[in-house]
Amino acid sequence: MTEFSARVEGVSISGIREVFEAAGEDAINLGLGQPDFPTPAHARRAAIEAIESGAVDAYTSNKGTRELREAIAAKYDRDYSLSIDPGDLIATSGGSEALHIALEAHVDPGEEVLFPDPGFVSYDALTRIAGGTPRPLPLREDLTMAPADVEAAITDETAAFVVNSPANPTGAVQSEEDVREFARIADEHDVLCISDEVYEHIVFEGEHRSPLEFAESDNVVVVSACSKTYSMTGWRLGWVTGSTRRIERMLRVHQYAQACASAPAQYAAEAAISGSQEPVKEMVEAFEERRDVLLEGLAEMDLETPTPQGAFYAMPKVPEGWVDDVVERGVVVVPGEAFGERGAGYARISYATGIEELKEAIEVMRETTRAVR
Ligand SMILES: Cc1ncc(COP(=O)(O)O)c(C=O)c1O
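My numbering applies: residue 184 is where the sequence shown begins, and numbers increase by one.
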């Protein structure tokens with residue numbers, strides 16, 4: 184009988200789902216990894232017009248429409264003064280596919296991939312699917328990843344290290360100094376840095392910096408997406424950019440696994456990226472206000488929480504039994520260990536929820552904290 188591949192047997196379905204299933208129907212959901220805002224109207228409209236005109240009835244170019252890639256390239260120029268050739272971009276089915284093709288194209292069986300622990304669940308799973316060996320790295324007290332820890336963990340077997348700033352599940356933002364160091368490490372050790380920047384626009388203090396700005400070699404590949412910035416998780420539109428030779432290798436995987444990103448989503452993304460950025464600004468302001476409400480509540484409960492400077496998650500240290508109790512009382516939060524061994528003792532709280540619901544949830548957390556302490 185045909186057995187399952189060892190690569191697939193080495194991964195399991197994300198633990199986050201289990202928490203959702205454990206919660207009742209009218210639970211307040213602070214477990215979600217998606218903004219609670221609508222996709223900007225001009226993006227929706229662009230997709231509708233493209234559908235009605237018949238423009239999306241056929242495959243696009245494997246890399247995505249020229250217009251979308253030009254819009255993404257213009258965005259990098261606008262945001263970071265980075266000059267990117269539209270030919271060195273692949274539009275993907277979300278940031279998820281971009282991470283997948285980056286790892287498939289660069290990791291040989293047995294090679295190691297370094298990534299933050301706690302970190303986004305896909306890094307471990309996609310490394311295994313690529314046949315590689317995951318090497319989760321501990322974080323600093325403030326939940327950022329120390330460049331020195333990355334450098335110390337590099338061996339002859341290291342194929343890549345993943346930087347994720349702002350980060351899921353921690354909300355941590357790496358300093359410019361760290362980002363410069365990541366670029367130097369990629370250059371000096373000749374190891375690929377995969378920079379996952381899907382939360383690049385959701386930053387409250389300071390500004391997002393990319394290792395791509397600082398690297399002197401072509402050892403940085405950047406992954407991003409419309410998913411979080413434009414509240415477009417359902418549209419499935421992301422991208423990857425890197426040097427021509429790296430894009431050519433990633434395209435080999437993308438071409439056979441995906442052919443091209445969904446055409447309607449490409450039209451919506453082009454409009455989202457090149458149109459007014461006002462909806463992004465409004466969303467980020469709302470997230471910051473909610474973050475402050477949540478942090479104040481957690482501080483009153485004496486739960487130690489590194490201040491998240493981006494994304495829409497907070498990660499307090501919580502007492503034993505806290506997550507289960509909060510979930511039983513009708514608020515969904517995710518146990519830190521769903522994001523790696525070193526996430527144990529933490530909870531991930533997403534504040535992509537209206538402020539009134541968030542305040543209600545904070546009251547529930549207060550009851551739990553009193554009960555389990
Ligand atoms: C850090 C990080 N990278 C990538 C992704 C994947 O995003 P997408 O929905 O665009 O596939 C997510 C989604 O939660 C994420 O949190």
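We put the beta carbon where it would ideally sit given N, CA and C, even for glycine.
Thinking C-alpha only, which one of the options is nearest residue i?
i       : options                            : result
Ile-467 : Tyr-450, Trp-505, Tyr-413          : It should be noted that the sequence gives Val, not Ile, for residue 467. Comparing Cα positions, the closest option is Tyr-413.
Pro-223 : Thr-416, Val-515, Glu-192, Ala-398 : Thr-416
Gly-526 : Gly-314, Arg-323, Val-405          : Arg-323
Asn-351 : Val-333, Val-304, Ala-366, Phe-387 : Val-304
Glu-377 : Leu-395, Arg-363, Glu-360          : The question names Glu, but residue 377 in the sequence shown is Ile. Comparing Cα-Cα distances from Ile-377 to each of Leu-395, Arg-363, Glu-360, the minimum goes to Leu-395.
Lys-411 : Thr-316, Phe-470, Lys-542          : Phe-470
Ser-192 : Glu-359, Tyr-496, Ala-308          : The sequence given here places Glu at residue 192; Ser does not occur at that position. Of the candidates Glu-359, Tyr-496, Ala-308, the one whose C-alpha sits nearest the C-alpha of Glu-192 is Ala-308.
Phe-344 : Ala-369, Met-184, Arg-249, Val-386 : Ala-369
Asp-339 : Ile-267, Ser-348, Val-296          : Val-296
Pro-502 : Gln-357, Val-555, Arg-190, Phe-495 : Val-555
Gly-293 : Ala-189, Glu-453, Tyr-534          : Ala-189
Val-362 : Ile-337, Val-405, Ile-456          : Val-405
Asn-402 : Ser-426, Glu-390, Glu-546, Arg-261 : Ser-426
Asp-485 : Glu-235, Thr-551, Ile-312          : Thr-551
Pro-319 : Ala-446, Glu-483, Ala-336          : Ala-336
Ala-329 : Ala-313, Gly-214, Glu-364          : Glu-364
Glu-487 : Asp-325, Ile-267, Ser-445, His-283 : Asp-325
Gln-438 : Ile-273, Glu-253, Ala-229          : Ile-273
Leu-215 : Gly-198, Ala-229, Arg-228          : Gly-198
Ser-457 : Asn-212, Ala-210, Val-194, Ala-229 : Ala-229
Ser-236 : Tyr-450, Glu-201, Ile-196          : Tyr-450
Ala-482 : Asn-212, Gly-270, Ala-281, Ile-545 : Ile-545
Ser-348 : Asp-260, Gly-315, Arg-392, Glu-334 : Arg-392
Lys-258 : Leu-213, Glu-360, Ala-366, Ser-407 : Ser-407
Which residues does DSSP list as the beta-bridge partners of residue i?
i       : result
Lys-500 : Tyr-529
Trp-505 : Trp-505 is not bridged to any residue.
Pro-319 : Phe-298
Thr-275 : Gly-421
Thr-341 : Glu-295
Ala-408 : Gly-421
Ser-378 : Val-346, Val-405
Gly-493 : Val-386
Val-517 : Arg-531
Cβ of residue i less than 8 angstroms from any chain D Cβ?
i       : result
Gly-417 : Absent here is chain D; the protein component of the structure consists of one chain.
Could you round the C-beta distance between residue i and residue j to whole angstroms and report it? I think they count as a contact, below 8 angstroms.
i       : j       : result
Trp-422 : Ile-255 : 6 angstroms
Leu-420 : Ala-442 : Their Cβ separation, rounded to whole angstroms, is 15 angstroms, which puts Leu-420 and Ala-442 out of contact at 8 angstroms.
Tyr-534 : Pro-301 : Not really, about 17 angstroms apart at Cβ, beyond 8 angstroms.
Gly-513 : Ala-206 : 7 angstroms
Thr-572 : Pro-317 : Since the displayed the chain opens at 184 and closes at 556, residue 572 lies outside it and no answer follows.
Gly-480 : Asp-219 : Actually they do not touch by this definition, with Cβ atoms about 18 angstroms apart.
Answer yes or no: the CB of residue i versus the heavy atoms of ligand 3, is any distance below 7 angstroms?
i       : result
Thr-310 : Ligands present in the displayed structure are limited to ligand 1, and ligand 3 is not among them.
Report yes or no: do three or more beta-carbon pairs, one from the stretch 472-483 and one from the stretch 512-530, lie closer than 8 angstroms? no
Inspect the CB distances between the stretch 452-468 and the stretch 222-236 and report whether three or more fall short of 8 angstroms. yes
May I ask you to verify whether the stretch 271-284 touches the stretch 367-381, counting CB pairs closer than 8 angstroms and requiring at least 3? yes
Taking three-plus beta-carbon pairs below 8 angstroms as touching, is the stretch 507-522 in contact with the stretch 369-376? no
Does the count of Cβ pairs from the stretch 353-367 and the stretch 479-493 closer than 8 angstroms reach three? yes
Where in the stretch 206-268 do unbroken runs of the alpha helix (DSSP H), each at least 4 residues long, occur, reported from the N-terminal end onward? 224-236, 249-263
Could you say if the stretch 385-405 and the stretch 245-254 meet the contact criterion of at least three C-beta pairs nearer than 8 angstroms? no
Looking at C-beta atoms only, is the number of pairs between the stretch 433-442 and the stretch 286-293 that lie closer than 8 angstroms three or more? yes
4-residue-minimum alpha helix (DSSP H) runs that sit fully inside the stretch 433-480, ordered along the chain: 446-457
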